[in-house]
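The next block holds one structure in the form of structure tokens; read it before the comments.
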DNA sequence: AGCTTTGGCCAGTCCG
DNA sequence: CGGACTGGCCAA
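In the working numbering, the protein residues as written are 80 to 957.
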């Protein structure tokens, strides 16, 4: 059985590489650019014309198709892609006319399998004097490289001997020698740095190497794709930098780097360290080798690279970065399956961007607005198992099983029809999509079973588990690929039928639960949250859905099969819904297994889980989450309904934001720049900062994560600075509190305690004083009052729910805030009360809603040392 | 150059 | 001020 580790096209041939213990064996075949045409579609004269054409190198019948071979992709494109081609003119479809010769060969040879590559990790360092952006383009000299092979484990590295082109050429030459007996190279963000740099520099130095021979796989990209599925906190999403991921994965401690230039990042002083020579040059190499080793350890921890290899084997793909794309995976898998059954798939069209943008979206899932007020208790949750695959299976959905049926009325014999989209499918023979899906699910089951039969923790056990996951991943990507206009299998009607059948099933379930007198409080896509039943009643409900409700409903649609199934997933003991897709909850049980005090809460959608939220916003949310549902273990004695505990946390965080020294990580926000800086209509803050950085020559390209600090959030557009410019002073504290930290927690608190007033903590920023007024001498130059409504948490709105007249808000004004040590207004009010008659003032105040009011308040107004002292004493005493 | 989907929330900018 | 719009990130 032929096994291949890699393959490529060169000089009119395909080269297929086989790894042997002694080296790599190459097998070559002529490169075939093939397109199929359905014989029945083809008028006789056109067939003769094609067969005789000088551009067509071969033409032969294969089943119902005419197989046309071309000498180059240019000839084939002219026939298959151009709207002016004779086939397009006749409205004749072509099939698989975009498939590249290597994929063609692998598709036509079902006996060929994919070999597991000999793998290594790579890291390089380049001259730091060249801006990263230019370095990527190959403008910086390579200073060093390191390669760590996995099996057998082996570390190699090398350093530039002299700052000359000759020395660099030798260094690069030794790199390609070092990887000569390896098949796959992984590097962190290798696709955008290490790989192109090595290739560009080697070309520039005229170093001989074979770039096609190796599989280049971007480890960061791979990690990101596989890690999306695993639930994380926002803290872990902060950065994709290698050392951050290493710390989060538990394979490295906090970064401990000491470069030649203190306070400067390692990457920014590679040149200086290399030039210093001796111990510094050694240290540069050590850090580089450590980074390389870190990648290997990350893999040891999560096994994503091994999983990717398994996916490649399952789909017949070579293990480079392209194998990470779901369209590629499914394409390779389905082409083979189709070929085995004598079926061909449509030629994939190459859209230009306009066409892609024009494509209409199809309708998606149903999401219910949450119906719980306050803290919800004892909520049962059912969810459909693999809902979208199940819908495809049940309705036998596939491009070639589609059948035109009346949208309403009786369903023709031998057909089923989706209930809401009215798309018909034959039930006579299984569709290809269904066959593929069944095959993947069968394999998944087989490997899960196999895993269960093996001793846990062994290599075989792990491998079986990975195979099981690989098949699940592939099966779950089906729906998305069918819904993608870039995919060969794009079919809007099918994609929409999948989602809308899901909507139909979910709403049917909601209705059935409500019929029993229970309350459905939330639902999203494939899950349904229900309040009212006992555990036993709800178990019976799920059983009834599976045995009666769905089978009967699907039968009426003409379905012969039924893969639809719901499961009683969990009971939640306490739930707080902020809005759709945003809630927190503690478990009563999960799949029947009772939760313990160690059980982590379920947290969805809120800032705590977002990588672009402010750190303090996440911290305050974490504390409040702990009080509300428990499990995070950041607050003592949680959970609790004692409001004063919440007040305390909020007040404490507010004084921290307003008064304490704030380190960078507490004031910065980081967001990804998803496109080129110039392509934005209204540049958002992170893009404006990116532009500032770019002007300094820093590397801020599409995809970069930009960290910034807001220095004035009260103007539009806001003023911002790059995070690296922050010295500890510039942050707009009011903005941080009013816009970043408090609102996310306020949303949680208002959801949990809707009758309590949470507004009082919201505002801290003094209103802008009109220049006219301040010129009148009431306020001294440079002084602005800090105005804030007093929090009055103690008299909570128990009797205050009726729409009575709103009480006027109380305000306290404190002058010269810069000289006050604190702004804890309850404290200030007390102080004020104990200083009657000092000096009355009438202030012109900005109230909420743009109103203004005159207010006379009695307090010490000179911002004197005396008040500062008084505050200190009061705090010490209380 | 190549690309898994839609639904939803929230922050920010611009404009009337 | 509010609404239209863009952009980022998350749930499923």
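Every residue gets a Cβ at the ideal spot worked out from N, C-alpha and C, and that includes glycine. These numbers were taken from a predicted model, which means no experiment stands behind them.
Counterpart residues of residue 86 in DSSP-defined beta bridges
Paired residues: 95.
Spell out a yes or no on whether the segment 335-349 and the segment 296-316 are touching, meaning 3 or more CB-CB pairs, one atom from each, closer than 8 Å.
Because the criterion of three Cβ pairs below 8 Å is not met, the segment 335-349 and the segment 296-316 do not touch.
If we count the other Cβ atoms within 10 Å of its Cβ and call it buried at 16 or more, is residue 118 buried or exposed?
With fewer than 16 Cβ atoms within 10 Å of its Cβ, residue 118 is classed as exposed.
Taking residue 738 as the reference, which of 245, 800, 409 and 815 has the closest Cα?
Distances from the alpha-carbon of residue 738 to those of 245, 800, 409 and 815 put 815 closest.
Using DSSP's beta-bridge definition, name the partner residues of residue 602.
Residue 602 pairs with 607.
Cα-Cα, which of 150, 790, 840 and 570 is closest to residue 93?
Comparing Cα-Cα distances from residue 93 to each of 150, 790, 840 and 570, the minimum goes to 150.
Could you tell me the boundaries of the alpha helix (DSSP H) in which residue 703 lies?
Under the DSSP assignment, residue 703 falls in the alpha helix (DSSP H) whose first and last residues are 694-708.
Check the C-beta distance from residue 550 over to residue 526 and give it rounded, since I have them as a contact under 8 Å.
Going by Cβ atoms, the distance from residue 550 to residue 526 rounds to 7 Å, so yes, they are a contact pair.
Roughly how many whole angstroms lie between the Cα atoms of residue 668 and residue 383?
When rounded, the distance between both Cα atoms is 30 Å.
First and last residue of the alpha helix (DSSP H) that includes residue 618?
Secondary structure note for residue 618: its alpha helix (DSSP H) is the uninterrupted segment 614-623.
Exposed unless 16 or more other CB atoms sit within 10 angstroms - verdict on residue 459
By the 10 Å Cβ count, residue 459 comes out buried.
Beta-bridge partners of residue 494, as assigned by DSSP
Paired residues: 505.
What are the uninterrupted segments assigned as alpha helix (DSSP H) that are 4 or more residues long and contained completely in the segment 502-566, given in chain order?
Fully enclosed alpha helix (DSSP H) runs of 4 or longer: 511-532, 538-555 and 557-561.
Start and end of the alpha helix (DSSP H) containing residue 768?
Looking at the DSSP string, the run of the alpha helix (DSSP H) that includes residue 768 is 764-774.
Under three-state DSSP, which class holds residue 387?
For residue 387, the three-state secondary structure derived from DSSP is helix.
Can you tell me whether residue 483 sits near the ligand PLP, meaning its C-beta is under 7 Å from at least one heavy atom of the ligand?
With respect to small molecules bound, the structure shown includes none, and the ligand PLP cannot be examined in it.
My understanding is that residue 640 touches residue 414, with C-beta atoms under 8 Å, so please give their C-beta distance in whole angstroms.
In this structure residue 640 does not touch residue 414 by the C-beta definition: roughly 25 Å separates them, more than the 8 Å allowed.
Got a sec? Which residues, its chain only, sit under 7 Å from residue 122 by beta carbon, not counting five neighbours each side?
Shown here for residue 122: not one same chain residue has a beta carbon closer than 7 Å to its own, the five before and five after excluded.
If I measure Cβ to Cβ from residue 316 and keep anything under 6 Å in the same chain, skipping five residues before and after, which residues do I get?
Excluding sequence positions up to five before and after residue 316, its CB lies within less than 6 Å of the CB of 690, all in the same chain and listed in chain order.
Report the three-state DSSP secondary structure of residue 108 (helix, strand or coil).
DSSP places residue 108 in strand when its eight states are reduced to three.
Do three or more CB pairs link the segment 148-164 to the segment 125-140 at distances below 8 Å?
Yes, since at least three Cβ pairs between the segment 148-164 and the segment 125-140 fall closer than 8 Å, the two stretches touch.
Say whether the segment 329-348 touches the segment 182-194, bearing in mind that this needs 3 or more beta-carbon pairs closer than 8 Å, one atom from each stretch.
No: fewer than three Cβ pairs fall under 8 Å.
Among residues of its own chain, excluding the 5 on either side of residue 419, which ones have a beta-carbon nearer than 8 Å to its beta-carbon?
Cβ neighbours of residue 419 within its own chain (closer than 8 Å, five residues either side excluded): 189.
Cβ contact check for the segment 642-650 and the segment 614-631: 3 or more pairs under 8 Å:
Here the segment 642-650 makes contact with the segment 614-631; the two share three or more CB pairs at distances below 8 Å.
Give me the Cα-Cα distance between residue 425 and residue 505, rounded to the nearest whole angstrom.
In a straight line, the C-alpha of residue 425 is about 20 Å away from that of residue 505.
Quick check for students: name the residue ranges of the beta strand (DSSP E) that lie wholly in the segment 283-333, counting only runs of 3 or more.
Runs of the beta strand (DSSP E) lying entirely within the segment 283-333 and spanning at least 3 residues, in chain order: 294-297.
Cβ shell of residue 381 (< 7 Å), same chain only, five flanking positions each side left out:
The beta carbon of residue 381 sits closer than 7 Å to the beta carbons of 328 from its chain, once the five residues preceding and following it are set aside; these are given in chain order.
Would DSSP call residue 648 helix, strand or coil?
Residue 648: strand per DSSP, three-state reduction.
Contact between the segment 696-705 and the segment 674-687 is defined here as three or more beta-carbon pairs at a separation below 8 Å; is this criterion met?
Counting C-beta pairs closer than 8 Å gives three or more between the segment 696-705 and the segment 674-687, which meets the contact rule.
Thinking residue 106 and residue 97 are a contact (beta carbons under 8 Å), I'd like their distance in whole angstroms, please.
Right, the Cβ-Cβ distance comes to about 7 Å (below 8 Å), so this counts as a contact.
Identify the continuous alpha helix (DSSP H) that holds residue 128 and give its terminal residues.
For residue 128, the enclosing alpha helix (DSSP H) covers residues 123-131.
Residue 265: first and last residue of the uninterrupted beta strand (DSSP E) it sits in
From DSSP, the beta strand (DSSP E) with residue 265 extends over 263-266.
Residue 224 by DSSP, collapsed to three states: which one?
The answer is strand: DSSP assigns residue 224 an E or B state.
What residue range does the alpha helix (DSSP H) around residue 664 cover?
In the DSSP assignment, residue 664 falls outside any alpha helix (DSSP H) and lies within the beta strand (DSSP E) extending over 661-669.
How long is the line joining the alpha carbons of residue 144 and residue 307, rounded to whole angstroms?
Residue 307 has its alpha-carbon roughly 42 Å from the corresponding atom of residue 144.
So what's residue 750 in DSSP terms, helix, strand or just coil?
In the displayed model, residue 750 falls within a strand according to three-state DSSP.
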